[in-house]
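> The structure follows.
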């Protein structure tokens with residue numbers, strides 16, 4: 104019979120129009136279920152970025168751009184600003200794929216429309232915390248350095264004082280025999296420079312100090328012999 | 027409740043005559059008021075219809091349709107109308123400007139003119155024309171010219187193709203449409219629409235003329251450029267046919283006119299086949315509204331069920347099937363009437 108198919112079609116649509124409409128996601132109230140690798144808006148992690156520029160070279164639409172500066176101290180490239188002009192992005196994933204530090208990534212945020220064109224553009228400025236952190240790092244390094252220096256100097260002074268106060272006892276650490284110690288004490292008392300050197304060596308390198316002390320003593324004894332001869 | 031609107035009209039005429047106007051002038055003022063009412067009815071109907079269409083299409087496609095603005099999305103059309111009104115009116119530089127600009131105006135005027143003869147209740151007719159049906163059919167076919175104007179004026183090959191399709195389709199379907207209605211006219215013995223309504227006091231003509239009803243319904247769908255016969259628009263093939271270059275309010279006027287035509291054709295269908303404003307209990311103007319809306323729902327149901335027919339199939343369907351069937355129905359009706367008279371049953 105002609106028209107049977109038409110009636111069948113009409114009956115199908117008629118039935119459908121009374122079915123429960125739970126196929127639709129009522130979007131603003133009900134968020135759609137997104138797959139794990141869904142490509143929503145592109146996001147950027149400033150701290151991870153090493154400013155290698157691979158993403159920028161990969162981008163077919165010139166979405167990405169960055170500004171860098173040379174770091175004064177470390178002579179390294181430093182990222183100052185990173186721009187994602189999302190309106191040109193076609194979500195091809197080429198930048199995300201090749202980012203060595205995973206600082207670029209796709210989020211599940213798909214609500215990308217804005218009232219103004221400029222609002223689509225995302226500009227990431229160098230966060231001030233990052234600079235502060237780096238500065239803090241540097242100063243703390245310096246502090247430890249100076250602290251160490253201070254410590255050394257203090258030790259040195261203490262050693263010199265100790266030698267001045269009680270040469271026999273202190274110098275016995277480097278030399279055996281009272282005679283030799285007495286000679287060494289005499290030498291060191293006569294020359295402040297030698298005293299300082301000796302004290303430093305006694306703190307840092309005892310073996311060397313022993314050798315040098317021995318040398319001092321021998322030299323002194325020789326000179327005395329010479330003097331005795333004369 | 028039955029005589030609300032006729033009473034209001036009578037009171038208006040009496041008041042105007044009381045002011046010292048002659049009967050002729052009072053009738054003239056009444057005519058203007060009636061036209062304004064028609065324009066209002068058309069606008070309100072279109073607002074409801076667009077919402078209904080989207081809702082019906084949504085339900086058929088297992089969606090919800092508009093459901094954000096107002097209860098069940100009822101204010102969606104109003105928001106759309108405001109959007110269209112405030113949109114930029116773009117007139118492409120190489121169009122035939124006068125034709126391009128006036129086509130939508132002619133279209134809407136022609137569509138509104140159809141309402142002059144439709145009986146919208148007992149005695150609620152702007153003009154009770156003695157050849158009302160003829161008037162309706164001839165005015166209805168004028169919209170072809172408006173579509174051709176739009177297509178030609180746009181100076182765009184797709185628009186022109188759409189317009190040519192529209193002309194071919196509408197002229198082809200005009201013939202079975204008119205002939206199918208002739209059967210009803212033969213039984214009622216009059217072209218006056220109020221007479222036809224009264225003639226259906228005992229039995230609706232849809233029962234006496236089922237074949238005429240089906241041919242009318244199919245031909246009317248094609249006349250309205252509605253799916254599955256929406257060849258002139260055919261989004262996938264011609265972008266939007268004759269409407270491609272139109273924007274903002276001009277485009278909205280076309281849209282308005284299409285739905286206006288839909289209401290008019292459905293109202294005519296109710297008048298010719300379903301007893302017009304006659305019905306038990308409810309006032310006459312409510313009955314015609316109910317019938318018209320039910321018929322329009324069927325139109326929508328068909329549009330969202332059937333896929334678009336191919337252009338050559340469309341033409342061959344009209345000339346090879348619809349026209350012979352309606353002609354045969356005409357002959358059958360003639361024989362039947364003579365037979366009934368001969369038997370003395372009429």
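Protein chains in written order, with our numbering: chain A, 104 to 333; chain B, 27 to 372.
Glycine included, every Cβ here is placed at the ideal spot set by N, Cα and C.
Given the structure is predicted, the values throughout are model-derived calculations rather than measurements.
So, is the C-beta of residue 199 of chain A closer than 8 Å to a C-beta in chain B?
Not an interface residue.
> If you drop the 5 nearest sequence neighbours on each side, which residues of the same chain put their C-beta closer than 7 Å to that of residue 145 of chain A?
If we look at residue 145 of chain A and ignore the five residues flanking it on each side, its Cβ neighbours are 187, 189, 192, 207 and 209.
> Do residue 131 of chain B and residue 166 of chain B have their C-beta atoms closer together than 8 Å?
No.
> From the beta carbon of residue 247 of chain B, is the nearest beta carbon of chain A less than 8 Å away?
With 8 Å as the cut-off, residue 247 of chain B does not count as an interface residue toward chain A.
> Can you list, in chain order, the residues of its chain with a C-beta nearer than 8 Å to that of residue 45 of chain B? Leave out the 5 residues immediately preceding and following it.
The answer is none, since no qualifying residue turns up.
> Hey, residue 312 of chain A and residue 304 of chain A: beta-carbon distance below 8 Å or not?
Yes. Within cutoff.
> What does the Cβ neighbour count give for residue 81 of chain B, buried or exposed, with the cut at 16 atoms within 10 Å?
So residue 81 of chain B counts as buried.
> Using a Cβ cut-off of 7 Å, pull out every chain B residue sitting near residue 124 of chain A, in sequence order please.
The contacting residues are 88, 89 and 90.
> In terms of residues, what are the limits of the beta strand (DSSP E) holding residue 169 of chain A?
Unbroken beta strand (DSSP E) run through residue 169 of chain A: 167 to 173.
> For a cutoff of 8 Å on Cβ pairs, would you count residue 116 of chain A as touching chain B?
For residue 116 of chain A, the answer is yes, since a Cβ of chain B falls inside 8 Å of its Cβ.
> Taking a Cβ distance cut-off of 9 Å, strictly less, list which residues of the segment 70 to 86 of chain B are near chain A, in chain order.
So the close ones are 82, 84, 85 and 86.
> Using C-beta distances below 8 Å, list every residue in its chain close to residue 263 of chain A, excluding the 5 sequence neighbours before and after it, in chain order.
The residues are 298, 299 and 302.
> Give the DSSP-derived three-state secondary structure of residue 226 of chain A in the structure shown.
DSSP places residue 226 of chain A in strand when its eight states are reduced to three.
> Return the chain-ordered list of same chain residues with a C-beta closer than 6 Å to the C-beta of residue 127 of chain B, the five sequence neighbours on each side being excluded.
For residue 127 of chain B, where only same-chain residues beyond five positions count, there are no Cβ hits under 6 Å.
> Return the chain-ordered ranges of every alpha helix (DSSP H) run that is complete within the segment 245 to 316 of chain A and spans a minimum of 4 residues.
Segments of the alpha helix (DSSP H) lying fully in the segment 245 to 316 of chain A: 270 to 274, 281 to 293 and 295 to 307.
> Compare the C-beta of residue 216 of chain A against all C-beta atoms of chain B and say whether one is closer than 8 Å.
So no, residue 216 of chain A is outside the interface.
> From which residue to which residue does the beta strand (DSSP E) around residue 146 of chain A run?
Looking at the DSSP string, the run of the beta strand (DSSP E) that includes residue 146 of chain A is 145 to 147.
> Expressed to the nearest angstrom, what Euclidean distance is found between the alpha-carbon atoms of residue 349 of chain B and residue 255 of chain B?
Approximately 16 Å between the Cα atoms of the pair.
> Looking at the C-beta of residue 112 of chain A, does it have a partner C-beta in chain B at a distance below 8 Å?
Yes, contact with chain B.
> To the nearest angstrom, report how far apart residue 129 of chain B and residue 276 of chain B are at their CA atoms.
Each residue's alpha carbon lies about 9 Å from the other.
> Check each residue of the segment 331 to 344 of chain B: if its Cβ is closer than 7 Å to any Cβ of chain A, include it; give the result in chain order.
Per Cβ criterion, the list reads 331 and 332.
> Suppose contacts are defined by Cβ-Cβ distances below 8 Å. Is residue 234 of chain B in contact with residue 213 of chain B by that definition?
Taking 8 Å as the Cβ cut-off, residue 234 of chain B and residue 213 of chain B qualify as a contacting pair.
> Tell me, please, whether the CB atom of residue 128 of chain A is closer than 8 Å to any CB atom in chain B?
No, because no Cβ of chain B sits closer than 8 Å to the Cβ of residue 128 of chain A.
> Within 10 Å of its beta-carbon, does residue 40 of chain B have 16 or more other beta-carbons around it, so buried, or fewer, so exposed?
With fewer than 16 other Cβ atoms within 10 Å, it is exposed.
> Give the interface partners of residue 145 of chain A over in chain B, defined as CB-CB distance under 9 Å, in chain order.
Those do not exist, as residue 145 of chain A stays about 30 Å from chain B at its closest Cβ, beyond 9 Å.
> Out of curiosity, what's the CA-to-CA distance linking residue 332 of chain B and residue 253 of chain B?
Each residue's Cα considered, the two are about 7 Å apart.
> Give, in chain order, every unbroken run of the alpha helix (DSSP H) that is at least 4 residues long and sits entirely within the segment 194 to 246 of chain B.
Runs of the alpha helix (DSSP H) inside the segment 194 to 246 of chain B: 219 to 225 and 231 to 234.
> Opposite residue 181 of chain A in the DSSP bridges: which residues?
Its beta-bridge partners are A:172.
> Check each candidate in B:116, B:311 and B:57 and name the one with the smallest Cα separation from residue 278 of chain B.
Among B:116, B:311 and B:57, the Cα nearest to that of residue 278 of chain B belongs to B:116.
> Could you work out which residue in B:259, B:195 and B:310 is closest to residue 220 of chain B when comparing CA atoms only?
Nearest option by C-alpha distance: B:310.
> Count the other CB atoms within 10 Å of the CB of residue 367 of chain B; is the residue buried (16 or more) or exposed (fewer)?
Per the 10 Å Cβ criterion, exposed.
> Looking only at C-alpha atoms, which of A:320, A:175 and A:282 sits nearest to residue 237 of chain A?
Considering only alpha carbons, the answer is A:175.
> DSSP beta-bridge partners for residue 209 of chain A?
Note: residue 209 of chain A sits in a beta bridge opposite A:145.
> Compare the C-beta of residue 327 of chain B with all C-beta atoms of chain A and state if any pair is closer than 8 Å.
Yes, residue 327 of chain B lies at the interface with chain A (some Cβ there is under 8 Å from its Cβ).
> What residue from B:91, B:74 and B:83 has the CA that sits closest to residue 107 of chain B's CA?
Cα-wise, what sits closest to residue 107 of chain B is B:74.
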